[in-house]
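All remarks here apply to the structure that follows.
Number of protein chains: 2
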Amino acid sequence: MTPRIAVLASGAGTNLQAILTHLATVGSASAGAVTLVASDRSDAGALALAGRAGIAVAAIPRANDGDSIVALLAAHRVDLVVLAGYLQRVPEVVTRSYRGRMLNVHPALLPAFGGPGMYGMRVHQAVLDAGVKLSGVTVHFVDEEYDHGPIVAQWPVPVLPMDTARVLATRVLRAEHRVYPAAVVAVATGRVTLDAQGKVCGEVGAPLAAPEFRLQTEESKQ
Amino acid sequence: MTPRIAVLASGAGTNLQAILTHLATVGSASAGAVTLVASDRSDAGALALAGRAGIAVAAIPRANDGDSIVALLAAHRVDLVVLAGYLQRVPEVVTRSYRGRMLNVHPALLPAFGGPGMYGMRVHQAVLDAGVKLSGVTVHFVDEEYDHGPIVAQWPVPVLPMDTARVLATRVLRAEHRVYPAAVVAVATGRVTLDAQGKVCGEVGAPLAAPEFRLQTEESKQ
Chain A
2 MTPRIAVLAS
12 GAGTNLQAIL
22 THLATVGSAS
32 AGAVTLVASD
42 RSDAGALALA
52 GRAGIAVAAI
62 PRANDGDSIV
72 ALLAAHRVDL
82 VVLAGYLQRV
92 PEVVTRSYRG
102 RMLNVHPALL
112 PAFGGPGMYG
122 MRVHQAVLDA
132 GVKLSGVTVH
142 FVDEEYDHGP
152 IVAQWPVPVL
162 PMDTARVLAT
172 RVLRAEHRVY
182 PAAVVAVATG
192 RVTLDAQGKV
202 CGEVGAPLAA
212 PEFRLQTEES
222 KQ
Chain B
2 MTPRIAVLAS
12 GAGTNLQAIL
22 THLATVGSAS
32 AGAVTLVASD
42 RSDAGALALA
52 GRAGIAVAAI
62 PRANDGDSIV
72 ALLAAHRVDL
82 VVLAGYLQRV
92 PEVVTRSYRG
102 RMLNVHPALL
112 PAFGGPGMYG
122 MRVHQAVLDA
132 GVKLSGVTVH
142 FVDEEYDHGP
152 IVAQWPVPVL
162 PMDTARVLAT
172 RVLRAEHRVY
182 PAAVVAVATG
192 RVTLDAQGKV
202 CGEVGAPLAA
212 PEFRLQTEES
222 KQ
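Chains A and B supply the protein sequences, listed in that same order. When we follow the numbering used here, the leftmost residue of the first sequence carries the number 2, and every step to the right adds one. When we follow the numbering used here, the leftmost residue of the second sequence carries the number 2, and every step to the right adds one.
Next up, the structure:
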């Protein structure tokens, strides 16, 4: 059985693209397939990308009604919900229905630089303002609190002296594109699970193994 | 002129050893020399190590009197104070006198997992309890707040599924031994400075360059 993945996105869909590319590279149906892309914005690049890839698309209604979102996901028999640059708050009825089956990616090393108001460039500006030398990527299960759910994977990204928020954002996004698809497959295939006590079991593993993370090489590329 | 470095330590002195080894490897007097090791504990391994290395040693009096610590450092014409597993609170008169010239290392990625009460195994247990996948090392200038001063360098260390606090502590300490000596030399030589606005200028650079940080290799070693 191919795990059925729904991607919720509000933007250009670069993480969606990275997930599709990764699934194609893995080349095994058992890794999962994106069978639905839904957005709160009709002009989201992610919808156009899904259309070109022959993936079903759907609009999340403006009312952001949880029951209709649950119905939509159920109609598509979705196993795993992946938030990829999705800007709407996910209603509690949805997060409860998909406990341990909904992932989000945050562009910093949680628990630092997360929570309400910490999205987009604000995250990276806060990182720069704090003067930290490392930022990164956090993939976590979604629960009822912003940026709070159990952590599935984290990856470091260096902060460099001349960074602007935009330059740092680009570097972090590149790391997201490596880490998020591997985490999605790990959860889709049941290799990583959330237990009843809220503990993450298993390891993403793969993105940590190849390519090896070379901090200096990352920097040198800039 | 060789920058004169004082190391304050309460424990075995493994960071002191790493600094001495690094200075010997650099092989240039201009990188700095440890000319004083002081401790609040007469049985600290760091004092024995300093004795064997022919470095002056001193006791920090139990009263933890700031003025006498300043006098001690002044008598030894200390340019840079390095806290290396030093468990006493440093009096404000000392931190103010050595603003931008006193370093500390914290065994986690600040601003997370720092502050009062966060020392030793408590740090690593808190990291494990939070379920994060990355910990690390933070070198920072010392100011009047615990684990708060401007950050000089940070380095990531993976948290692995079977980790205990003790196992994680060992892995983080190994990273400290690479990062801290390089940060000490960078500040001792004036390559990294603290400006009047409290901003860190310059880059440690070296430990980020060699050896390349390989996350998976770090893990495989366990």
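In this text, a Cβ means the ideal position worked out from N, Cα and C, and glycines have one as well. Just so it is clear, the structure is predicted and the values come from calculations on it, not from any experiment.
Which of helix, strand or coil DSSP assigns to S29 of chain A
coil
Contact the stretch 4–16 of chain B vs the stretch 111–128 of chain A: 3+ CB pairs below 8 Å:
No contact exists between the stretch 4–16 of chain B and the stretch 111–128 of chain A.
Is the Cβ-Cβ distance between V140 of chain A and Y181 of chain A less than 8 Å?
yes
Kindly give me the distance between the Cβ atoms of G33 of chain B and V186 of chain B, rounded to whole angstroms, as I take these residues to be in contact under 8 Å.
6 Å
Where does the unbroken beta strand (DSSP E) through T139 of chain B begin, and where does it stop?
135–142
Cα separation between A25 of chain B and L81 of chain B?
The straight-line gap from Cα to Cα measures roughly 18 Å.
Within 8 Å of any Cβ in chain B, is that where the Cβ of P182 of chain A sits?
no
Along chain A, in chain order, which residues have C-beta atoms closer than 8 Å to that of L135 of chain B?
Near L135 of chain B (Cβ distances below 8 Å), the residues of chain A are L110, G137, Q155, W156, P157.
Have a look at A:C202, A:A183, A:S136, A:S98 and flag the residue whose alpha-carbon is nearest the alpha-carbon of I231 of chain A.
One cannot answer for residue 231 of chain A here, as it falls past the ends of chain A, which runs 2 to 223.
E219 of chain A, buried or exposed, once every other Cβ within 10 Å from all chains shown has been counted against 16:
Model confidence at E219 of chain A stands at a pLDDT of 41, short of 50, so the residue's coordinates are unreliable and nothing is read from them.
Where does the unbroken alpha helix (DSSP H) through Q89 of chain A begin, and where does it stop?
Neither: Q89 of chain A is in no alpha helix (DSSP H) and is coded neither H nor E.
The alpha helix (DSSP H) that contains V124 of chain A, what's its start and end?
122–131
In or out: G55 of chain B buried (at least 16 other Cβ within 10 Å) or exposed?
Under a 10 Å Cβ-count criterion, G55 of chain B is classified as exposed, with fewer than 16 other Cβ atoms of the shown protein chains found around its own Cβ.
Any Cβ of chain A within less than 8 Å of the Cβ of P117 of chain B?
It does not: the Cβ of P117 of chain B has no partner Cβ on chain A nearer than 8 Å.
With a threshold of 8 Å between beta-carbons, can Q223 of chain B be considered close to chain A, or not?
Low local confidence applies: a pLDDT of 37 at Q223 of chain B is under 50, so the model's placement there is unreliable, with the coordinate-based value given in what follows. No, Q223 of chain B lies away from the interface with chain A (no Cβ there is under 8 Å from its Cβ).
Taking the CB atoms as reference points, tell me whether V153 of chain B and V205 of chain B lie closer together than 8 Å.
Result yes, Cβ atoms of V153 of chain B and V205 of chain B sit closer than 8 Å.
For Y147 of chain A, which residues from the same chain have a beta carbon less than 6 Å from its beta carbon, with the 5 sequence-adjacent residues on both sides left out?
G116, P117
With a CB to CB cut of under 7 Å and the five nearest residues on each side skipped, what residues in its chain are close to S136 of chain A?
A109, L110, V128, V158, V160, L169, V173
Taking a contact to mean a Cβ-Cβ separation below 8 Å, would you say S11 of chain A touches S40 of chain A in this structure?
yes
Excluding the 5 residues preceding and the 5 following L84 of chain B in the sequence, name in chain order all residues of the same chain whose CB lies nearer than 6 Å to its CB.
L9, N105
Give the DSSP-derived three-state secondary structure of L17 of chain B in the structure shown.
Note: L17 of chain B maps to helix in three-state DSSP.
Cα-Cα separation, F142 of chain B to T22 of chain A:
Going by the C-alpha atoms only, they are around 44 Å apart.
Suppose contacts are defined by Cβ-Cβ distances below 8 Å. Is H77 of chain B in contact with L17 of chain B by that definition?
no
Under 8 Å, CB to CB, which of the residues in the stretch 186–201 of chain B have a partner in chain A?
K200, V201
Three-state secondary structure (DSSP) of P182 of chain A:
helix
Alpha carbon to alpha carbon, how far is M103 of chain B from L195 of chain B?
Answer to the nearest angstrom: the Cα atoms are 10 Å apart.
Rounding to the nearest angstrom, what Cα-Cα distance links R179 of chain A and H107 of chain A in this structure?
14 Å
With a threshold of 8 Å between beta carbons, is E204 of chain A in contact with chain B?
yes
Does any residue of chain A have a CB that is nearer than 8 Å to the CB of I152 of chain B?
yes
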